[in-house]
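Peer 1: Residue numbers (the working numbering): 87 to 900. Quick one: the structure is below, questions incoming.
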Ligand SMILES: Nc1ncnc2c1ncn2[C@@H]1O[C@H](COP(=O)(O)OP(=O)(O)OP(=O)(O)O)[C@@H](O)[C@H]1O
Ligand SMILES: [Zn+2]
């Protein structure tokens, strides 16, 4: 019976492709394994086997799988089901999901690289014409990938010819995955099949006068006695022998070279709760409540510093004890260094950390480690991409700070939300899920109120410390009365001074990086804009540059206005850089550190800034929203919010929700140990209801207000959104197409279609863009909608093939 395989290719193809499994590979190819397949005339791709079946495709000629790239699968079968869901839900191809899922080193555009074996001289008679062509090409160039060879020689499938050349030793394989990684493997030596260990003298006799080999064999026995394990490198060094001698012994069957599994040292100790902090009464209550109800997803709503982390830790220990696996998702791994160190002490070898900022090598290693654990207990702590890891016995998923936007991937597809995807992953693997936050996303809270999640609340801070006192200041009034000291209300300045005298630390929050937010000409009003984007440029003083925060374009600041040549160019608005400068002038003695994208690009930068704060070497920490994410420092007496307005008045339906979350979170960094903390908020509308809610710690009142609005204006959680971004380099083309496309969608979905409209910025990275928003009633079948949407879009693109407009779907956009 002929066998076929459905192959995932790392491309945005609408369907997966089917290939024949040639009989030579019949026993080798398995689901979850990487294979090499031809695509089009010349291209070779590495794809992943999704399914093996006997259904011969009817409407096209099937090509053969050329070779297998792995000896065994690299993903668990359960993952495929998850990938399918992601592709279907987020409207992208399974290949795109696979691309996002696999770490670079396991990626599929791998390229085998061939080199000429210079030790082997060319004997024409030994080579076929095809083989000769390749050898010749390699004489010209040191190394060639298979793809390159295909291009140079014009062979569609040079692979088999290359295999011949390999066996004839004309070429060698530099088997190198692009971006590549192979786990480090130790080359070890053990007794061979011909070695009779009961009578070793026979072996020595058999070696006759091959002195080096005798010495090597003797060395092997000695070494093995001492160490138990013999590495080839050490043995050769000790006996001053060559690899050739070792190979001769192997050829005689006396010794055998083998490669060690680098993960064999993994042993999972029985994880026990020993060493965990005992839970407080309210934590214990939450713990019990959770374990009694966790057949259902849990929403843990606990105020800042209520000690949610400790509750998670006990829950993790519980699940690990049951022999199952745990995924602990955090929005930003760099901010959890201390936590990781602590968890490492309890969970030891079972703890794995995964994050896209890690090197490829580290990520592949973690991936394979987890995969090889099979169904053994493991705890993974990681950022959003860790939902893709090959769990095979997932018992619990925790999504910490579940309201965080960083769980959403914007670019490229799949544009998934790790929290929502984690809920599905957990369901597929029959695992418990806990979403936790001091300021839950309104959608999550809505689900809890509706009974879809079980709500667990923690209303007190750990150690019964009061929530901080929060005082607002009216920027407009203070400016009018000319009382502001630079960007500071006088009380804020006084309070900073007082806190420093007390030996307390201070966090100042300004959600803009750079020096000034824009440069404007006083004479004509011209604002310096990015060349590629419809965005004003930010001035960065330390680098003396104007920079675009979207595309990275930068240029020295102009001496005069480019529009009217006036010299009166002013910088307006302020970012963290300027704040730091002003602060240093005001408090020359203060030790100030800044935490934003610009200061944390280097690998250890985050850790260093936080460590310095933790150690008390920093008095004032200035930062963007990075300082809001779950930081836990005991000595923060004061938090200052430099300007609450930009959050509150941002033109987005979630602005109030987000503003509340951000303000409440940053406020929550104050007074976590010992004394009650103080928070000062500067705003031009200090009477705004959002600020009132923050001051009074009234999560629910904002929630209820917003629910009214969302219902009325057709927003989530009552309606589901799909945002369709349309992009083109030419404005006219975009506008014309967008209108046509919009009409087609309106014919399908009627009044659920909004737009096309220009978003806040018309042009980003050199592309003009417009948006269409679909608002879908929650009772609508999302699957049917998506089906219709994909089909109509494909047809539309077919009709407008020349210079196509890019159409990007974002399901549940943020
Ligand atoms: N059972 C416990 N024993 C000792 N210390 C505890 C315990 N529970 C919590 N703490 C301490 O209380 C502080 C606050 O806890 P944690 O950081 O977990 O709060 P949180 O609920 O995650 O707050 P946030 O939402 O603000 O991040 C931490 O310093 C933590 O070490
Ligand atoms: Zn730009």
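Heads up, the beta-carbon is just placed ideally off N, CA and C, and yes, glycines get one too. In this text, all values refer to a predicted model and were calculated from it rather than measured experimentally.
Which same chain residues end up closer than 7 Å to residue 718 when comparing Cβ atoms and leaving out the 5 residues on each side of it in sequence?
Peer 2: 758
Peer 1: Go through its chain and collect everything with a Cβ distance to residue 607's Cβ below 6 Å, but skip five positions before and after it.
Peer 2: 647, 652, 655
Peer 1: Quick one: grab the DSSP three-state call for residue 387.
Peer 2: strand
Peer 1: Note down, in chain order, each residue of its chain lying with its Cβ closer than 6 Å to the Cβ of residue 510, except the 5 sequence neighbours on either side.
Peer 2: Spatial neighbours of residue 510 in its own chain (CB-CB distance under 6 Å, excluding positions within 5 residues in sequence) are listed in chain order as 171.
Peer 1: What does the Cβ neighbour count give for residue 532, buried or exposed, with the cut at 16 atoms within 10 Å?
Peer 2: buried
Peer 1: Considering only C-alpha positions, which residue in the set 574, 488, 765 is nearest to residue 670?
Peer 2: 574
Peer 1: Kindly list the residues whose CB is nearer than 6 Å to the CB of residue 881, restricted to its own chain and excluding five residues on each side of it in sequence; keep chain order.
Peer 2: none
Peer 1: Helix, strand or coil: which one does DSSP assign to residue 609?
Peer 2: coil
Peer 1: Please report the distance separating the alpha-carbon of residue 414 from that of residue 689.
Peer 2: 22 Å
Peer 1: Checking the sheet assignment: what are the DSSP bridge partners for residue 154?
Peer 2: 121
Peer 1: Return the first residue and the last residue of the alpha helix (DSSP H) that residue 842 is part of.
Peer 2: Element bounds for residue 842: not the alpha helix (DSSP H) but the beta strand (DSSP E), 839 to 843.
Peer 1: Cβ atoms of residue 376 and residue 123: under 7 Å apart, would you say?
Peer 2: no
Peer 1: Whole angstroms is fine: what's the gap from residue 703's alpha carbon to residue 748's?
Peer 2: Distance between the alpha carbons of residue 703 and residue 748 is about 26 Å.
Peer 1: Excluding the 5 residues flanking residue 546 on each side, which residues of the same chain have their C-beta closer than 6 Å to its C-beta?
Peer 2: 368
Peer 1: Apart from the five residues on each side of it in sequence, which residues of its chain come closer than 6 Å, Cβ to Cβ, to residue 668?
Peer 2: 572
Peer 1: Return the first residue and the last residue of the beta strand (DSSP E) that residue 558 is part of.
Peer 2: 555 to 560
Peer 1: Please look up how many angstroms separate the CB atoms of residue 492 and residue 387, rounded, as I've assumed it's under 8 Å.
Peer 2: Separation of the CB atoms of residue 492 and residue 387 is rounded to 20 Å, and the pair is thereby denied contact status at 8 Å.
Peer 1: Check the C-beta distance from residue 230 over to residue 200 and give it rounded, since I have them as a contact under 8 Å.
Peer 2: Between residue 200 and residue 230 the Cβ distance is about 6 Å, and since that is below 8 Å, they are a contact.
Peer 1: Considering residue 918, what are the terminal residues of the alpha helix (DSSP H) in which it resides?
Peer 2: Absent from the model: residue 918. The displayed extent of the chain is 87 to 900, so no value can be given.
Peer 1: Taking 6 Å as the cut-off, is the CB of residue 398 close to at least one heavy atom of ligand 1?
Peer 2: no
Peer 1: If you draw a straight line from the C-alpha of residue 867 to the C-alpha of residue 830, how long is it?
Peer 2: 20 Å
Peer 1: Are the beta-carbon atoms of residue 322 and residue 278 separated by less than 7 Å?
Peer 2: no
Peer 1: Ignoring anything shorter than 3 residues, give me the beta strand (DSSP E) runs that lie fully in the region 517 to 541, in order along the chain.
Peer 2: 518 to 523
Peer 1: Give every residue of the same chain whose Cβ lies closer than 6 Å to the Cβ of residue 896, excluding the five residues on either side of it in the sequence, and list them in chain order.
Peer 2: 501, 809
Peer 1: Counting pairs of beta carbons, one from the region 130 to 143 and one from the region 92 to 105, are three or more of them closer than 8 Å?
Peer 2: yes
Peer 1: Does ligand 1 have a heavy atom nearer than 6 Å to the CB of residue 689?
Peer 2: No, the Cβ of residue 689 stays beyond 6 Å of every heavy atom of ligand 1.
Peer 1: Taking the beta carbon of residue 91 as the centre, do at least 16 other beta carbons fall within 10 Å, making it buried, or is it exposed?
Peer 2: buried
Peer 1: Using 6 Å as the cut-off, classify the Cβ of residue 394 as near or not near the heavy atoms of ligand 1, replying yes or no.
Peer 2: yes
Peer 1: Whose C-alpha, out of 110, 132, 183, is nearest the C-alpha of residue 498?
Peer 2: 183
Peer 1: Kindly list the residues whose CB is nearer than 7 Å to the CB of residue 441, restricted to its own chain and excluding five residues on each side of it in sequence; keep chain order.
Peer 2: 419, 468, 469
Peer 1: Got a sec, what are the start and stop residues for the beta strand (DSSP E) residue 726 sits in?
Peer 2: Counting along the chain, the beta strand (DSSP E) containing residue 726 begins and ends at 722 to 727.
Peer 1: Once the 5 residues before and after residue 518 are set aside, which same chain residues still bring their CB inside 6 Å of it?
Peer 2: 380, 482
Peer 1: Quick test of the definition: if touching needs 3 or more C-beta pairs under 8 Å, does the region 830 to 839 touch the region 853 to 867?
Peer 2: Touching, yes, given that three or more Cβ pairs across the two stretches are closer than 8 Å.
Peer 1: What is the DSSP secondary structure of residue 624, reduced to helix, strand or coil?
Peer 2: strand
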